[in-house]
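Enquirer: Counting from -7, one number per residue, gives the positions in the sequence shown under my numbering. We put the CB at the ideal spot given by N, CA and C, even for glycine.
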Amino acid sequence: MTPTEIEELRIAIAEEVIGKEQLCDCKYPEKDMCVCMVCRGRLLPPYTTSIDSIRKAAMERFECPLDQYKFQYDLESVYNEQNHYQEWKLTALDWAIAFARTAKI
């Protein structure tokens, strides 16, 4: 993934967990054209670089057991795609990708 895609993933996860309306307090009616999303994006938790942050986001977002099983499945599929021999080698970015698949971002 490119750095831009990683940043977009981090913002998308924040929108999913926090809510798009709460991320941007800009007065512009066109939320997609808002410039402050980029500025506020720097203040978001490091979902793509910190396993603690993405784990906390997953625990908040996936409270339903069905979502938890789906997240576990998506995490295992990322694990298999990366050809890791140990599951503990998954990075925060791998967790973020599994989160995005489960949340259908």
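Leaving out five residues on either side along the sequence, give the residues of the same chain with a beta carbon under 8 Å from the beta carbon of ALA84.
Expert: Excluding residues within five positions, the ones whose Cβ falls inside 8 Å are PRO38, TYR39, THR40, THR41, SER42, ILE43, SER45, ILE46.
Enquirer: As a quick exercise: from GLN64, LEU36, TRP80, pick the residue whose alpha carbon is nearest that of ALA4.
Expert: Selected option, being the one with the closest Cα: LEU36.
Enquirer: Express the C-alpha separation of ILE10 and PHE63 in angstroms, rounding to a whole number.
Expert: Going by the C-alpha atoms only, they are around 18 Å apart.
Enquirer: Alpha carbon to alpha carbon, what distance is there between ALA49 and PRO107?
Expert: Limits of the chain in this structure are -7 at one end and 97 at the other, which puts residue 107 out of reach.
Enquirer: Do you know offhand how far GLU0's Cα is from LYS81's?
Expert: Spanning the two alpha carbons is a distance of roughly 23 Å.
Enquirer: Do you know whose CA, among ASN75, ALA6, MET(-7), lies nearest ALA95's CA?
Expert: ALA6
Enquirer: Are the Cβ atoms of GLN117 and ASP66 separated by less than 9 Å?
Expert: The structure shown does not extend to residue 117, since the chain spans only -7 to 97, so no value can be given for it.
Enquirer: According to the neighbour-count rule (16 or more other Cβ atoms, all chains shown, within 10 Å of its Cβ), is GLU8 buried or exposed?
Expert: buried
Enquirer: Classify PHE54 as helix, strand or coil using the three-state DSSP reduction.
Expert: Three-state DSSP puts PHE54 in coil, outside helix and strand.
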